[in-house]
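Quick note on UniProt numbering: the sequence shown kicks off at 206 and runs consecutively. Each residue gets a CB set at the ideal place from its N, CA and C atoms; glycine is no exception. Below you'll find the structure, written out as structure tokens, and then a few comments.
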Amino acid sequence: DWTMAAYRDTKIAEIREQVGDGRVICGLSGGVDSSVAAILIHEAIGDQLTCVFVDHGLLRLNEREQVESLFRDHYNIPLVVVDAEERFMAGLDGVSDPEKKRKFIGGEFIAVFEEEANKLGGADFLAQGTLYPDVIESVSFTGGPSVTIKSHHNVGGLPERMNMKLVEPLRELFKDEVRVLGRELGLDEQFVGRHPFPGPGLAIRIPGEVTKERCDILRKADAIYLEEIRNAGLYDAIWQAFAVLLPVKTVGVMGDHRTYDSVCGLRAVTSTDGMTADVYPFDAGFLTGCATRIVNEVQGINRVVYDYTSKPPGTIEWE
Ligand code: XMP
């Protein structure tokens with residue numbers, strides 16, 4: 206009978222068989238999928254694996270430090286961290302179309318990754334944390350015609366260019382199964398249970414133009430919202446919760462003066478695989494508390510709204 210422990214052992218054997226004594230490079234996103242893929246592969250082939258983490262400046266508060274500490278201190282997996290914030294911000298300058306943002310970030314990610322791979326002397330295999338829903342959703346929308354809703358960002362295109370074969374040990378799994386596998390591999394509960402985070406990062410949570418300044422504002426609001434969710438004990442009941450920063454300014458009043466600042470949207474959904482989602486029904490007091498803290502503590506935001514749209518018809522991310 207099927208258990209995740211048996212699955213892990215099968216995959217480890219398959220990875221060893223596929224890779225032989227080749228070299229593998231893995232792009233870490235900070236999310237659960239690529240982390241679990243990397244840890245599984247490391248268990249199979251040890252230091253034949255090197256991980257590369259591209260900090261594109263579109264990460265959440267303290268995310269880079271958390272990944273560094275998990276991989277370097279806890280698992281002792283060879284890790285290269287690339288500070289690429291400036292070149293991503295420069296490339297995003299003036300870009301506000303969602304698909305153009307996604308295409309640029311995906312392409313730039315590949316460029317940075319390729320440079321690092323070359324610095325490492327190349328590799329024979331590229332490891333990815335591709336899941337089953339990624340395989341289907343990037344091809345067509347469930348139940349509909351074959352239309353790309355959003356071009357999902359992973360390192361597609363890189364393998365052919367660099368003449369690398371793919372190692373994708375999670376291709377048959379759904380998100381909840383990846384979490385079980387992560388636990389099986391000794392991954393900390395705090396990390397296993399983390400909400401999904403998209404490859405293009407905060408760029409697709411800032412409709413309109415993305416700047417470092419707007420990323421900084423959003424990071425603060427997002428951290429407050431998530432802290433409130435954790436403190437209320439709601440984190441694990443929610444599939445994904447995050448803040449978005451809208452390109453709209455509204456008038457407000459603080460103390461005795463008028464403000465004219467950006468609107469922040471809050472989103473929280475339940476889901477099992479991200480393909481459909483329901484709005485998380487916070488009680489009103491909770492949301493009021495979040496709004497008050499965000500407006501008081503984050504300079505640049507003076508109004509907070511909650512997104513009541515399920516998927517479909519909405520998508521989880523705003524772009
Ligand atoms: P949507 O917004 O399409 O998102 O309803 C469904 C799930 O996928 C995540 N997502 C992405 N993940 N690269 C990723 O790795 C992407 O480009 C991407 N776009 C969306 C999203 O966060 C949600 O969990």
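Asked	Found
Would you say Arg277 and Leu245 are within 8 angstroms of each other, going by their C-beta atoms?	no
Kindly list the residues whose CB is nearer than 7 angstroms to the CB of Trp478, restricted to its own chain and excluding five residues on each side of it in sequence; keep chain order.	Strictly speaking, residue 478 in this sequence is Asp, with Trp absent from that position. The residues are Pro338, Phe379 and Lys380.
Express the C-alpha separation of Glu304 and Gly391 in angstroms, rounding to a whole number.	37 angstroms
Give me the Cβ distance between Pro374 and Trp523, rounded to the nearest whole Å; I'm assuming they're in contact under 8 angstroms.	Between Trp523 and Pro374 the Cβ distance is about 31 angstroms, and since that is not below 8 angstroms, they are no contact.
Does the beta-carbon of Ile521, which I'm using as the reference point, lie nearer than 7 angstroms to any heavy atom of the ligand XMP?	yes
For the putative contact between Glu414 and Gly299, defined by C-beta atoms under 8 angstroms, what is the C-beta separation to the nearest angstrom?	7 angstroms
If I follow the unbroken beta strand (DSSP E) through Gln445, where does it start and stop?	Gln445 to Met459
Beta carbon of Arg221, beta carbon of Ala249: below 8 angstroms?	yes
So is Ala442 buried or exposed if we call it buried at 16+ other beta carbons inside 10 Å?	exposed
Which class does Phe379 belong to by DSSP, given the choice of helix, strand or coil?	coil
Can you tell me whether Phe427 is buried or exposed, with buried defined as 16 or more other CB within 10 angstroms of its CB?	The residue you asked about is not Phe; residue 427 is Asp in the sequence shown. That one is buried.
In the structure shown, what three-state DSSP assignment does Asn507 receive?	strand
Specify the secondary structure class of Ile230 as computed by DSSP and reduced to three states.	strand
Identify the continuous alpha helix (DSSP H) that holds Thr215 and give its terminal residues.	Met209 to Val224
Report yes or no: do the segment 466 to 478 and the segment 506 to 524 share at least 3 C-beta pairs separated by less than 8 angstroms?	yes
Tell me, please, which residues DSSP counts as bridged to Ser467.	Lys454 and Ile506
Could you say which of Ala489, Phe487 and Pro452 lies nearest to Asn507 if we only look at CA atoms?	Pro452
Return the first residue and the last residue of the beta strand (DSSP E) that Val272 is part of.	Taken as a continuous stretch (DSSP letters only), Val272 belongs to no beta strand (DSSP E), being part of the alpha helix (DSSP H) at Glu268 to Glu273.
Would you check whether the ligand XMP has a heavy atom nearer than 7 angstroms to the C-beta of Gln271?	no
Measuring from the CB of Gly479, is there a heavy atom of the ligand XMP at a distance below 7 angstroms?	yes
Taking all protein chains shown into account, do 16 or more other C-beta atoms lie within 10 angstroms of the C-beta of Tyr430, making it buried, or fewer, making it exposed?	buried
What does Val484 pair with, by DSSP beta-bridge criteria?	Val474
Along the chain, where does the beta strand (DSSP E) that runs through Lys370 open and close?	Lys370 to Val372
How long is the line joining the alpha carbons of His400 and Ala489, rounded to whole angstroms?	23 angstroms
Tell me whether Arg472 counts as near the ligand XMP, meaning its Cβ is closer than 7 angstroms to at least one heavy atom of that ligand.	no
Please tell me whether Pro374 has its Cβ less than 8 angstroms away from any Cβ of chain C.	The structure shown contains no chain C; it is built from a single protein chain.
Can you give me the Cβ contacts of Asp252 inside the same chain, cut-off strictly under 8 angstroms, excluding the 5 residues immediately before and after it?	Pro283
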